[in-house]
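Per my numbering: the sequence shown = residues 1 to 504.
Here a beta-carbon is modelled for each residue, glycine too, at the ideal position from N, C-alpha and C.
Reading through the structure tokens given below for one structure.
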Amino acid sequence: MEFSVKSGSPEKQRSACIVVGVFEPRRLSRAGEQLDEISEGYLSTLLRRGDIEGKIGQVLFLHNVPNVLSERVLLVGCGKERELTETQYKQIIAKTITTLNDTGALEAICFLSELHIKGRDTYWAVRQAIEATQDCLYNFDQFKTNKENTRRPLRKLTFNVTSRKELARAELGLQHALAVSSGAKACKDLANMPPNICTPLYLSEQAIALGQRFEKITTEIVDSEQMAELKMDSYLAVAKGSANPAYMSLIKYNGGNADQKPIVLVGKGLTFDSGGISLKPGAGMDEMKYDMGGAASVFGAMKALAKLNLPINVIGILAGAENMPAGNAYRPGDILTTMSGQTVEVLNTDAEGRLVLCDVLTYVERFEPDCVVDIATLTGACIMALGHHISGLMTPHKGLAHELLSASNQSSDKAWQLPMDDEFQKQLESPFADMANIGGRPAGTITAACFLSRFTKSYTWAHLDVAGTAWRSGANKGSTGRPVSLLTQFLINRSENETTAANS
Ligand code: BES
Ligand code: MN
Ligand code: ZN
Numbered sequence: 001m002e003f004s005v006k007s008g009s010p011e012k013q014r015s016a017c018i019v020v021g022v023f024e025p026r027r028l029s030r031a032g033e034q035l036d037e038i039s040e041g042y043l044s045t046l047l048r049r050g051d052i053e054g055k056i057g058q059v060l061f062l063h064n065v066p067n068v069l070s071e072r073v074l075l076v077g078c079g080k081e082r083e084l085t086e087t088q089y090k091q092i093i094a095k096t097i098t099t100l101n102d103t104g105a106l107e108a109i110c111f112l113s114e115l116h117i118k119g120r121d122t123y124w125a126v127r128q129a130i131e132a133t134q135d136c137l138y139n140f141d142q143f144k145t146n147k148e149n150t151r152r153p154l155r156k157l158t159f160n161v162t163s164r165k166e167l168a169r170a171e172l173g174l175q176h177a178l179a180v181s182s183g184a185k186a187c188k189d190l191a192n193m194p195p196n197i198c199t200p201l202y203l204s205e206q207a208i209a210l211g212q213r214f215e216k217i218t219t220e221i222v223d224s225e226q227m228a229e230l231k232m233d234s235y236l237a238v239a240k241g242s243a244n245p246a247y248m249s250l251i252k253y254n255g256g257n258a259d260q261k262p263i264v265l266v267g268k269g270l271t272f273d274s275g276g277i278s279l280k281p282g283a284g285m286d287e288m289k290y291d292m293g294g295a296a297s298v299f300g301a302m303k304a305l306a307k308l309n310l311p312i313n314v315i316g317i318l319a320g321a322e323n324m325p326a327g328n329a330y331r332p333g334d335i336l337t338t339m340s341g342q343t344v345e346v347l348n349t350d351a352e353g354r355l356v357l358c359d360v361l362t363y364v365e366r367f368e369p370d371c372v373v374d375i376a377t378l379t380g381a382c383i384m385a386l387g388h389h390i391s392g393l394m395t396p397h398k399g400l401a402h403e404l405l406s407a408s409n410q411s412s413d414k415a416w417q418l419p420m421d422d423e424f425q426k427q428l429e430s431p432f433a434d435m436a437n438i439g440g441r442p443a444g445t446i447t448a449a450c451f452l453s454r455f456t457k458s459y460t461w462a463h464l465d466v467a468g469t470a471w472r473s474g475a476n477k478g479s480t481g482r483p484v485s486l487l488t489q490f491l492i493n494r495s496e497n498e499t500t501a502a503n504s
């Protein structure tokens, strides 16, 4: 799909379709009024007759509207003008896209990007509209024999903004949206891939391919033998029961000066989490192919970063492994020596993510990182705490928390900070080792973060638990592409700080 932005008046547009909003109760938007005027009250007559109320979800397709140059006019319900929320805005866009795709229009000019949402500007409106459009058009059908092809799909979409002054912001919104959407798509494609194909090796192949495609990216793979030499025995213990060996993929993006310390992103990459010997129940176990959602989001963010060509250094790590039960699998009761030297008593082999991540968090010390953010589908408890709309953020560092929460707000990729006070550490005590790998039922998301914090003492670190947000279950099952938008925004903000620092 091709996107563009412009600033024009609706009556002058010559397009296959022109999209304008109707507010509740039966009130035309600004662009709608302009079309009404030129058509000598054609639209207001329809509204008075009650053909569309303006409720969210309503649409009305019109053909041959008098004096209008465009072939079709699509009226879209936008609810009460003053109460329009961000979620509703995205819903309205999605409804518009599915409606347009079902008709013959190959291109359209959309005036919904002019809608006002409290606290948001044109940049946001354009960026979210494009991200929502791409999200809505996404499907994963590579394993379907008969693909459901739209007969005449929408090919070109233009978003209109209120004045020429707004065009620069709109262009920036467009540019960022395209990078984020392409990253989110890469994330979804990787995460939706079945676990018999998407193994740790497959993750490493994708990482290598990304390095071949972008000049500023070089990829390095650390295989199981090298991990053994590095004494990453906790990571390796998780992978032991699987026929698919572990691979850790390092995607290094070099956009800054050589002396600029890198930002490190670490993604949990369990290509399948059966629970191991502490086997999970059968229902819904297929969804544990998404336990590499953190790694997929790092992959997507690295792609977005390369597309944006940002002047920073970033290392994205996909911590690939598969957790399976087997005769040689690790077991409850085992005591592991982590790369850091600290010992861990395994009380549950299903708390495997932290055992993989802890060694990677020790490994990354060698990069002397500016900061490290790990992204992981780490705990079911996070779904209990925050549900499916909000990711959990935990960090002992106020500044980094603030940066990530700002990025979350700017990108509308929601996150919420949970505490990680020292008191919680006590839950991880073990009678036999330095710590246990689980902290009991209370605050399971926080004790998991506390576990990781023991391996991150030498740098600034934050943890994102995306167990509830990385994928959707049910009829609409699939990867959400989150939190690629948040991560990319964080990197955009970092690069802007770099540029200001360099110029001052
Ligand atoms: N990958 C799971 C967490 C998970 C579960 C994410 C369900 C999304 C949906 C993780 O490896 C896990 O199994 N965690 C355990 C930890 C427990 C054993 C302390 C959990 O959450 O039950
Ligand atoms: Mn698990
Ligand atoms: Zn897991």
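Here the C-alpha atom of L84 lies approximately 7 Å from the C-alpha atom of C78. Fully enclosed beta strand (DSSP E) runs of no fewer than 3 residues occupy 107-110 of the region 78-129, in order along the chain. Judged by DSSP secondary structure, M227 falls within the alpha helix (DSSP H) whose first and last residues are 224-229.
Cβ neighbours of I335 within its own chain (closer than 6 Å, five residues either side excluded): T343, E345, A433. Scanning its chain for C-beta atoms nearer than 6 Å, with the 5 sequence neighbours on each side dropped, one finds around V73 the residues I18, L62, V65, in chain order. Beta-carbon to beta-carbon, G41 and F111 are separated by about 19 Å, too far to satisfy the 8 Å threshold. The alpha carbon of T379 has as its nearest neighbour, out of C450, S406, Y247, the alpha carbon of C450. CA-to-CA, the gap between R441 and I315 works out to about 34 Å. Counting along the chain, the unbroken alpha helix (DSSP H) around N493 starts and ends at 484-503. At a Cβ-Cβ threshold of 8 Å, T377 and A467 count as neighbours. Remark: three or more beta-carbon pairs, one from each stretch, lie closer than 8 Å, so the region 245-263 and the region 203-216 are flagged as touching. The beta carbon of E498 sits closer than 8 Å to those of G256, Q260, P311, I312, all from its chain and outside the five residues before and after it, given in chain order. Note on the region 199-257: whole alpha helix (DSSP H) runs with a minimum of 4 residues are 200-213, 224-229, 233-239, in chain order.
D465 carries a strand assignment under DSSP once its states are collapsed to helix, strand and coil. As the crow flies, the alpha-carbon of K414 is around 39 Å from that of L46. Pairing L279 with P325 gives a Cβ-Cβ distance under 8 Å.
Straight-line spacing of the CA atoms in Q489 and R366 works out to 26 Å. In this structure, DSSP gives D422 a helical state, which the three-state scheme calls helix. Taking the Cα of G32 as reference, the smallest distance to any Cα among P10, R48, P25 is reached at P10. Under the DSSP definition of a beta bridge, K156 partners with E2, E107.
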